[in-house]
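Chains as they are written, first to last, in our numbering: chain G, 1 to 448; chain Y, 1001 to 1125; chain P, 2001 to 2517. We put the beta carbon where it would ideally sit given N, CA and C, even for glycine. Keep in mind the model is a prediction, meaning the values are calculated, not measured. For reference, the structure is listed below as structure tokens.
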């Protein structure tokens, strides 16, 4: 078997050195009733050819996003990833290395994490960022829990524009970790009065910008109101590329930012692994979950990096940890760092412009279709449309015609009939004019 | 001349007027290693004897500092925020953590004196 | 710490400096931060200009520079290549890290994970356009069910610790559903720190259980603590001392008799995969680490994947989404309706770590039932081989055979002035990543070694010879090399105290940053 270096001769020699007759002697502690004498009921070992055939077959049954006109967003976005990114992350020293607990052997990892943290802080215009979390949704829940710890309050208010999955993860944590949520209804195109709900028992208000329907807002006033009440503002971002074009949360007075970084460096991957970004203020850093790479010097007084402030983490605080998180999203963070290094300021802003231009062009076309109404006042690369009939059926029809048109909001809110005709559409730099032609044509036909 | 009293969790306390000054012992700081951060309570916070009053962090460990006596936090050693190394350098003096307004001075009686604590370390640790 | 010598005296006199002009040492090249190399206006990606258009950003355009550096592709490739060369990796050498299972990461896994039909699919595409993705997850679920003997697998947790959270939340939900409020979770003192952190996060009081002299849980002490206030026991098996909990069936019976649930931390599944099914041990709930047992790459710290195997008593509470066999094929259940009404909800966005599912399934199919059983046997064989080669040089904490990892402590370093940490740093100079240090906490100065099955006998022999020589040197007064270690790494020992006292967590162009209050 190609991954197992021991030969039968090796095994014989080793058993002799150990002083036992067979390998079974080393499993003697397993209770007899639990010992499997034979093999489990699964196929035996397969060579690369056979494994590749089997898995390729499964892959071929799926419609790859790049093979059709594609307009789905909703928290995961299809962007171009420069070829160099995937080559670099597959270098064995990155791919197969461990968490940098022995910093002398891991300066490569620690340096790129330090660069990553800096990039995230710059993008969000916040003071400090961690070395990543699992994804945006768990980052959002962690942000609420951090706000609870900082304010010593137990109630968070969630905007109706927050991505449904993010809200659901917060609900799960609220139930078991023990805090409360005030959750607003989703009202596409509507105005929420979040200020009214901020009280002396509020730990934080969570808003998303651009929100789930793509709307962009300035939350500076809300930030001030939160602070006046001793509460914190948490801003969620599901399309990190938007920060190449719109006002960053730090400039609005956000206290904590929980975001999804998948758009840079990372493929869609059917929803995982993705990349949770987390940023906050210096004064709150000791309450931040996740790993942190910090700068220091070595015994020769040369600059280097280590994981620091580890006493917040589970392996030291145990019961008193700020979070039970162990893993970050390492390789995904590296891919993000490399992609953003290649883009730089010029590339990022231009890429953001291309996205917005594509979405503007598409929105202008689609809102000309009879019965279709653009809900957004403003948007980045994703917007919401009201259709003259249920969006889910329209999306299914278009899928059969080979066009992936967007997300029917009813998929997230099956019990809200008032949202049944809303479709969320994303257009990135990967959408061509021909793709948009197809979408427009098929949508017209489906609605006629 | 104020006398030090000691707990089995390696805190010390001594009276200064009507306030009880609390810190961790030399043994404790040597076990912890370099102190990197101290989390102090808020002034006015009430603690019961034996409950957590502060947290002291080194690179490798974080330990609770328990109140040796009950009372209200009257002062905290803000200097430790800027220079946590004071806990290592002078644990019995400048490395003090908090000053408590005592509820009941008699609570000090059940604590070990200097000799008793020395013996405790030798035997137990 | 002793200073690096500054001169190298050659045999016939001339003194050569030990520092080069550049500070580089041949292939070991110093590399600045990207922020220290960039120029505005430089870009490593060629993008077309957008056509002129009317922006609709609501007047909320970003003002001012972000501060990101501009680099060309050659600079970026060189930068990250140089960084990679400062890292140790499984591809470079043995990682004897206990409880981490640092096995070889097969490259077939990487190839298959990148197939467009798997990498370039969106989680919210209509299900009719991704039947193959659901079939892949279903196949993986089938393999995991068969290997664990459990009837249900929750696939969404993002890593092992997340899986633990899933397990404890499911247990709490099950107890609440039967109106049974219990407040304590029992955790052995030898447990990994995530265990008590998870229990505490879910609102439980953590009650530690001591171990016995054989390195296993003290069953008497455990039974004394089991009452109707205990929600669960969290056990690792094989445990963190590398030993199989031989009384586990009795333990399971006692836990169930008290009305509690039996959670197993599956970090050490590599020792028993294909030879023992957790269900047969009475386990109700066990998380698996795809990045340990099933070879998905560690990637310098992530991403992982932590699916959770659930008994019938817990499956109703599994987190969303559920993958079910419907009348027309595989379906995703994304809301708490029908059978999923009692699901604990969502733990993560979307459906789970699909990229890791592909890799793990490729690994499993490559090994098959026979290969996976061989994996456990070779893992246990390798660890025991190291045990017998090292037990007279290092101090073995528990006599007798171990499973896939072997535990030593620092008694062999007594009176040498050398700590476990010093010893580990000297191991680095010899070209190895150190073994796990100071864990588990139940012995002093622990050294936990797990070679895994992908190490050859020759690799193990060389490692054993090296450790024996280091141990001999430690005991014969050679403390200096241990205190100075590591000397040959890109950086020597780093000042972690300074890093924690005055944290510098980002690069800054200026000393003072303005932020909006």
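Determine the DSSP secondary structure at residue 2287(P), reduced to helix, strand or coil.
-> DSSP, reduced to helix, strand and coil, places residue 2287(P) within a strand of the structure shown.
If you follow the beta strand (DSSP E) that residue 296(G) is part of, which residue opens it and which one closes it?
-> Residue 296(G): member of the beta strand (DSSP E) spanning 293-297, first to last residue.
Mind listing, in chain order, the continuous alpha helix (DSSP H) runs of no fewer than 4 residues lying wholly within the stretch 11-49 of chain G?
-> Within the stretch 11-49 of chain G, there are no complete alpha helix (DSSP H) runs of at least 4 residues.
Using the beta-carbon count (16 or more within 10 Å), is residue 2016(P) buried or exposed?
-> Classification for residue 2016(P): exposed.
Would you list, in sequence order, the uninterrupted alpha helix (DSSP H) runs of no fewer than 4 residues that lie entirely inside the stretch 2230-2300 of chain P?
-> Taking only runs of at least 4 residues, the alpha helix (DSSP H) segments lying wholly in the stretch 2230-2300 of chain P are 2248-2257.
Given that a residue counts as buried once 16 or more other Cβ atoms are within 10 Å of its Cβ, and exposed if not, what is residue 168(G)?
-> Here residue 168(G) is buried: its Cβ has 16 or more other Cβ atoms, across all protein chains shown, within 10 Å.
Which of helix, strand or coil does DSSP assign to residue 1018(Y)?
-> If DSSP states are grouped into helix, strand and coil, residue 1018(Y) belongs with coil.
When you compare each of 2057(P), 2045(P), 2041(P) and 2030(P) to residue 357(G) by their alpha carbons, which one comes out closest?
-> Taking the Cα of residue 357(G) as reference, the smallest distance to any Cα among 2057(P), 2045(P), 2041(P) and 2030(P) is reached at 2057(P).
Beta-carbon gap between residue 2306(P) and residue 2405(P) smaller than 7 Å | In this structure, the beta-carbon distance from residue 2306(P) to residue 2405(P) does not fall below 7 Å.
Kindly confirm or deny that the stretch 2410-2427 of chain P and the stretch 2162-2171 of chain P touch, where touching means at least three C-beta pairs closer than 8 Å.
-> With the cut-off at 8 Å, the stretch 2410-2427 of chain P and the stretch 2162-2171 of chain P do not touch.
Unbroken stretches of the alpha helix (DSSP H), 4 residues or longer, contained in the stretch 2128-2211 of chain P = Listed in chain order, the alpha helix (DSSP H) elements of length 4 or more contained wholly in the stretch 2128-2211 of chain P are 2131-2148, 2160-2177 and 2194-2201.
Can you list, in chain order, the residues of its chain whose CB lies under 6 Å from that of residue 1050(Y), leaving out five sequence neighbours each side?
-> Closer than 6 Å at Cβ, skipping near neighbours: 1066.
Close beta carbons around residue 177(G), own chain, < 8 Å, minus the five adjacent residues each side | Taken in chain order, the residues that qualify are 145.
Beta-carbon of residue 1052(Y) versus every beta-carbon of chain P: anything under 7 Å?
-> Chain P, which has no Cβ nearer than 7 Å to the Cβ of residue 1052(Y), makes this no.
Is the stretch 92-99 of chain G close to the stretch 2299-2314 of chain P, with three or more CB pairs under 8 Å?
-> Counting Cβ pairs under 8 Å, three or more are found: they touch.
Looking at the C-beta of residue 2385(P), does it have a partner C-beta in chain B at a distance below 7 Å?
-> In the structure shown, chain B cannot be found, because the protein chains are G, Y and P.
Within the same chain, show all residues whose beta-carbon is closer than 6 Å to that of residue 1048(Y), passing over the 5 residues directly before and after it, in chain order.
-> Once the five neighbours on either side are set aside, the close Cβ partners of residue 1048(Y) are 1070.
Along the beta strand (DSSP E) that carries residue 2017(P), what are the first and last residues, could you check?
-> Here the beta strand (DSSP E) through residue 2017(P) covers 2015-2017.
Would you please verify whether the beta carbon of residue 2495(P) is less than 7 Å from any beta carbon of chain G?
-> With a threshold of 7 Å between beta carbons, residue 2495(P) makes contact with chain G.
Taking just the CA atoms, how far does residue 148(G) sit from residue 196(G)?
-> In this structure, the CA atom of residue 196(G) is about 19 Å from the CA atom of residue 148(G).
DSSP state of residue 219(G) mapped onto helix, strand, coil | If DSSP states are grouped into helix, strand and coil, residue 219(G) belongs with coil.
Of the listed residues 2160(P), 2230(P), 2368(P) and 2187(P), nearest to residue 42(G) (C-alpha basis) | With respect to the C-alpha of residue 42(G), the residue from 2160(P), 2230(P), 2368(P) and 2187(P) having the closest C-alpha is 2368(P).
Below 9 Å between beta carbons is the criterion; list the residues of the stretch 1013-1037 of chain Y that meet it against any residue of chain P, in chain order.
-> Those would be 1033, 1034, 1035, 1036 and 1037, in chain order.
Roughly how many angstroms lie between the CA atoms of residue 2216(P) and residue 2245(P), to the nearest whole one?
-> Residue 2216(P) and residue 2245(P): Cα-Cα distance of roughly 6 Å.
Return the CA-CA distance between residue 2020(P) and residue 2156(P), expressed in angstroms with no decimal places.
-> Each residue's alpha carbon lies about 51 Å from the other.
Is the beta carbon of residue 2407(P) less than 7 Å from the beta carbon of residue 2448(P)?
-> Contact check for residue 2407(P) against residue 2448(P) passes: the beta carbons are separated by less than 7 Å.
For chain P, find out if any of its Cβ atoms is closer than 7 Å to the Cβ of residue 1055(Y); answer yes or no.
-> Not flagged as an interface residue toward chain P: residue 1055(Y), since no C-beta distance is shorter than 7 Å.
Could you check the C-alpha separation between residue 426(G) and residue 2334(P) for me, to the nearest Å?
-> Computed Cα separation, rounded: 22 Å.
Starting from residue 2370(P), trace the alpha helix (DSSP H) both ways and give me its first and last residue.
-> Residues 2354-2390.
Among the residues of its own chain, which have a CB less than 7 Å from the CB of residue 2211(P), if the five just before and after it don't count?
-> Closer than 7 Å at the Cβ level, and outside the excluded window around residue 2211(P), lie 2188, 2189, 2190, 2217, 2218 and 2442.
Cβ neighbours of residue 319(G) in the same chain (closer than 8 Å, five flanking residues each side left out) | Only weak support exists for where residue 319(G) lies, its pLDDT of 49 falling under 50; the value from the coordinates is given anyway. Same-chain partners within the cutoff: there are none.
With burial defined as no fewer than 16 other Cβ atoms inside 10 Å of the residue's Cβ, what is the status of residue 298(G): buried or exposed?
-> Its Cβ being crowded by 16 or more others within 10 Å, residue 298(G) is buried.
Beta carbon of residue 424(G), beta carbon of residue 74(G): below 7 Å?
-> Taking 7 Å as the Cβ cut-off, residue 424(G) and residue 74(G) qualify as a contacting pair.
What are the uninterrupted segments assigned as alpha helix (DSSP H) that are 4 or more residues long and contained completely in the stretch 2297-2325 of chain P, given in chain order?
-> For the stretch 2297-2325 of chain P, not a single whole alpha helix (DSSP H) run of length 4 or above is found.
Length-filtered (3 minimum) beta strand (DSSP E) runs lying within the stretch 186-261 of chain G | Runs of the beta strand (DSSP E) inside the stretch 186-261 of chain G: 202-208, 232-237 and 256-260.
For residue 153(G), go through chain Y and note every residue whose CB falls closer than 9 Å to its CB, in chain order.
-> Here the premise fails: no neighbours, minimum Cβ distance about 15 Å.
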